[in-house]
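First comes the structure, then the notes that go with it.
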Amino acid sequence: MLDNLGASLKDAVKKLAGKTVIDRAAVDELVRDLQRALLSADVNVKLVMQLSQAIKQRALDEEPPKGMGAREHVLRIVYQELVHLMGTPGAVTLGPQTILMAGLQGSGKTTTTAKLARFFQRKGLRVGVICADTFRPGAYDQLKTLCDRISVPCYGDPKEPDALTIVREGLPRYRKLYEVIIIDTQGRHALEEHLIEEIININEMSHADHRWLVIDAALGQQASEQARRFHEAIGIDGVLITKMDGTAKGGGALSAVAETQSGIVFIGSGETIEDLERFEPDGFISRLLGMGDLKALVERAEEAISVEDVDVNAMLKGKFTLRDMYKQLEAVNKMGPLKQIMSMLPLGGMEIPDDVYDVTSTKMARYKVIMDSMTSPELDDPGIIGSSRIHRIARGAGAAPEDVRELIKYYKTMQRALKGMRGMGGGKFNMQRMMKKFGRTQ
Ligand code: GDP
Ligand code: MG
């Protein structure tokens, strides 16, 4: 997601970090690099200029906090100003509520409705979805198929031509049964009068608690125009930006929407039901700058894992045995796609081979059998497992020696990754230490 912007921001920051003196020329150069990066992500020129001004002024006028060098001081300002550019995120409550989805056709409403259903379901809420799209052929089937996959009920009637009738009949029924109700609506290619009228009517009848607008990131800075027009019609109180994975203009869409005062609530970054993230400017920017997002990871972990299951802090500290690894793999498996989790970790640019992500439940079962034929000291310290032990373990588990080697290799990669997260020291500056120093929020 936003790979180009991320890469050029990281480059700009790295360049500054490599400078021997941080003077006006160095700040100017940094600001020019940032401008180039933001403009090519389609961020509005006016916003880019404001940000540039703010960075220059603060970098030269403000005294660095005690104990912070000039370099870290400037980076901290860059971080804060980029976070500021992303605006204040919209509020998401975890309780009973009705959410009305709005947006043009093809923006990703139906997909996002299902993703949201999954999000609230993960939070332990009972979720029901209503299909009020009577325009697009197959709209009900599309939503129903997505909902079936996550066992969320979907109300609708493909034969009913009137969206209002569907909502009038479905909503009272679902309100008795479910805590969170999400209403998916139709969208045409442009903002037609009829479409606006219908959504106004559905909004009035449903007394929805939230009216969320779905916007395609590929719109770039034009996203603000759409946000404004929907806001005028029904009062949008949250924006979801979709398809952040497929465009270089995502930065433009994000900053443009942020400027309209409609807070961004979520971003969508893929076609599967799990590809939805709460929008948090600080985590988002630190990830773009390559600082990783431990906060998002820990939140996710807390959601999926009960306390006795695994100590996330221990995992992040990197002290772990084979036994821990197995327990943690089980836990991580529960958290969602491993690759997504790993992308939130500050691995300091370390490459992780793709097969590491491929921990299927079959593989987990095989690992378990292999581990069962290991001795206690071997489980505590896999470092002692040499070639003869590998053969013994393989025989005991009815597995091939390669399988045992694979498990150990896997363990070592994980261990290295965890060490990478902990350490990251040794370089010219240490992003994580820096993050700690100035706190994640302003
Ligand atoms: P609607 O007309 O607003 O209901 O839009 P749909 O939900 O039917 O989505 C239109 C297309 O966009 C579908 O092919 C989706 O799979 C795709 N889509 C939706 N959200 C995302 C996203 O975050 N990333 C990507 N890559 N595709 C998405
Ligand atoms: Mg749809």
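Using the working numbering, the letters of the sequence shown correspond one by one to residues 1 to 442.
Here a beta-carbon is modelled for each residue, glycine too, at the ideal position from N, C-alpha and C.
Taking all protein chains shown into account, do 16 or more other C-beta atoms lie within 10 angstroms of the C-beta of residue i, making it buried, or fewer, making it exposed?
| i | result |
| --- | --- |
| residue 61 | exposed |
| residue 185 | buried |
| residue 349 | The predicted position of residue 349 is uncertain, since its pLDDT is 46 and thus under 50; a value taken from the coordinates is nonetheless stated next. Flag for residue 349 reads exposed. |
| residue 387 | exposed |
| residue 110 | buried |
| residue 382 | buried |
| residue 201 | exposed |
| residue 89 | buried |
| residue 395 | exposed |
| residue 281 | buried |
| residue 207 | exposed |
| residue 286 | buried |
| residue 376 | exposed |
| residue 151 | exposed |
| residue 277 | buried |
| residue 55 | buried |
| residue 28 | exposed |
| residue 249 | buried |
| residue 93 | exposed |
| residue 247 | buried |
| residue 82 | buried |
| residue 225 | exposed |
| residue 302 | In this prediction, residue 302 has a pLDDT of 49, which is less than 50 and means its spatial position is unreliable; nothing more can be read from the coordinates. |
| residue 112 | buried |
| residue 275 | buried |
| residue 77 | buried |
| residue 117 | buried |
Going by the C-beta, is residue i closer than 7 Å to any heavy atom of ligand 2?
| i | result |
| --- | --- |
| residue 243 | no |
| residue 110 | yes |
| residue 324 | no |
| residue 223 | no |
| residue 184 | yes |
| residue 139 | yes |
| residue 444 | Residue 444 cannot be examined here, being either before or after the span of the chain that is shown, 1 to 442. |
| residue 133 | yes |
State yes or no: is the C-beta of residue i nearer than 7 Å to some heavy atom of ligand 1?
| i | result |
| --- | --- |
| residue 105 | yes |
| residue 220 | no |
| residue 95 | no |
| residue 187 | yes |
| residue 29 | no |
| residue 142 | yes |
| residue 270 | yes |
| residue 246 | yes |
| residue 275 | yes |
| residue 214 | yes |
Confirm the yes/no value for this check: CB of residue i, any heavy atom of ligand 4, distance under 7 Å.
| i | result |
| --- | --- |
| residue 400 | Within the structure as shown, ligand 4 is missing, the only ligands being ligand 1 and ligand 2. |
| message | For the structure I just gave you, are there three or more beta carbon pairs, one from the segment 238-247 and one from the segment 263-283, closer than 8 Å? | response | yes
| query | So, do the segment 169-177 and the segment 114-130 have three or more beta carbon pairs nearer to each other than 8 Å? | reply | Counting C-beta pairs closer than 8 Å gives three or more between the segment 169-177 and the segment 114-130, which meets the contact rule.
| message | With three or more C-beta pairs closer than 8 Å as the rule, is the segment 31-45 touching the segment 218-229? | response | When Cβ pairs closer than 8 Å are counted between the two stretches, the segment 218-229 is seen to touch the segment 31-45, the count reaching three or more.
| Sequence ranges, alpha helix (DSSP H) only - wholly within the segment 17-59, length at least 4 | Whole alpha helix (DSSP H) segments, 4+ residues: 24-40.
| message | Below 8 Å, how does it come out for the segment 176-183 and the segment 134-148: are there three or more Cβ pairs, yes or no? | response | no
| message | Suppose only complete runs of 4+ residues qualify. What are the alpha helix (DSSP H) ranges in the segment 58-101, listed by chain order? | response | 70-85
| field | Ranges of the alpha helix (DSSP H) found wholly within the segment 120-160, counting only runs of at least 4 | value | 139-149
| said: List, from N- to C-terminal side, the alpha helix (DSSP H) runs of 4 residues or more that fit wholly inside the segment 235-271. | reply: Segments of the alpha helix (DSSP H) lying fully in the segment 235-271: 250-259.
| task | Any chance you could list the alpha helix (DSSP H) runs of at least 4 consecutive residues sitting entirely within the segment 180-244, in chain order? | result | 193-206 and 223-234
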